[in-house]
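Spelled out as structure tokens, the structure:
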């Protein structure tokens, strides 16, 4: 019997020194997939799933807002590239795992908004510094969610490297909350109208995870 290995695209964009593409690729391979680094010029045909990677802030213009003074690093070209890939996957009901920035972009593409800057430093690490350790905190998983079923726990400890966030009041239509931090930020989401579309605010691909 021939077993087909799913081709999972991992978006490539070298914009943050602390983001390691190989970490994402290795995790996909370890899970039994054929990991494909997806560049903006690459065809999307023949893909079986999509991983949206971490990186710079999503440009506030994409959700109709002017930038907060702390929003200094954006890349509209990357936003457009990943929105195209995500839209392709959603229209074909392909599995999607959206990580950190990807989690935020998923919310924006589906019609939500972002908290542009978390005033406390509890969720941030200096991602400009290579090898800078993450902050850590607990998240509470929503009973009955796919994420809760996958992780098999009510509460887990996660790394944290972000200064923007999804809030319950900025959540996109069609998404449901699957994880929250103690201060109420949305740390996990899943789509209610797709077979397997999930976003997490933390970095499960990192070796420290």
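Residue numbers (the numbering used here): 231 to 439.
For glycine and all other residues, C-beta sits at the position ideal for the given N, C-alpha and C.
In this text the structure is predicted, and so the values were computed from the model without any measurement.
**Report entry** Integer Cβ distance of residue 324 from residue 278, believed to fall under 8 Å
**Finding:** 6 Å
Query raised in the report: For residue 276, which residues of its own chain have a beta-carbon under 7 Å away from its beta-carbon, when the five flanking residues on both sides are left out?
Result: Contacts found: 237.
Query raised in the report: For residue 413, does the count of other Cβ atoms within 10 angstroms reach 16, so buried, or fall short, so exposed?
Result: Within a 10 Å sphere around the beta-carbon of residue 413 sit fewer than 16 other beta-carbons, which makes this residue exposed.
Requested in this report: Return the chain-ordered list of same chain residues with a C-beta closer than 8 Å to the C-beta of residue 311, the five sequence neighbours on each side being excluded.
Outcome: 241, 243, 270
Query raised in the report: Hey, quick one: how far does the beta strand (DSSP E) through residue 389 stretch, first residue to last?
Result: 385-390
Report task. Take residue 359 and list the residues in its own chain whose beta-carbon comes closer than 6 Å to its own, dropping the five residues that flank it on each side. Result -> Unreliable placement is indicated for residue 359, whose pLDDT of 48 sits below 50; no coordinate value is reported for it.
Report task. Kindly list the residues whose CB is nearer than 6 Å to the CB of residue 326, restricted to its own chain and excluding five residues on each side of it in sequence; keep chain order. Result -> 280, 319, 427, listed in sequence order.
Query raised in the report: Looking at residue 392 and residue 431, is the spacing between their C-beta atoms short of 8 Å?
Result: yes
Query raised in the report: If you measure from the beta carbon of residue 386 to each beta carbon in chain B, is any gap under 8 Å?
Result: Absent here is chain B; the protein component of the structure consists of one chain.
Query raised in the report: Distance, Cα to Cα, residue 383 vs residue 371?
Result: Rounded to the nearest angstrom, the two C-alpha atoms are 7 Å apart.
**Report entry** residue 329 beta carbon less than 8 Å from that of residue 434
**Finding:** yes
Query - Inter-residue spacing [alpha-carbon to alpha-carbon] between residue 252 and residue 398 - result: 32 Å
**Report entry** Minimum C-alpha distance to residue 302 - residue among 313, 316, 285
**Finding:** With distances taken between Cα atoms, residue 302 lies closest to 285.
Query - Alpha-carbon to alpha-carbon, residue 313 and residue 339 - result: 7 Å
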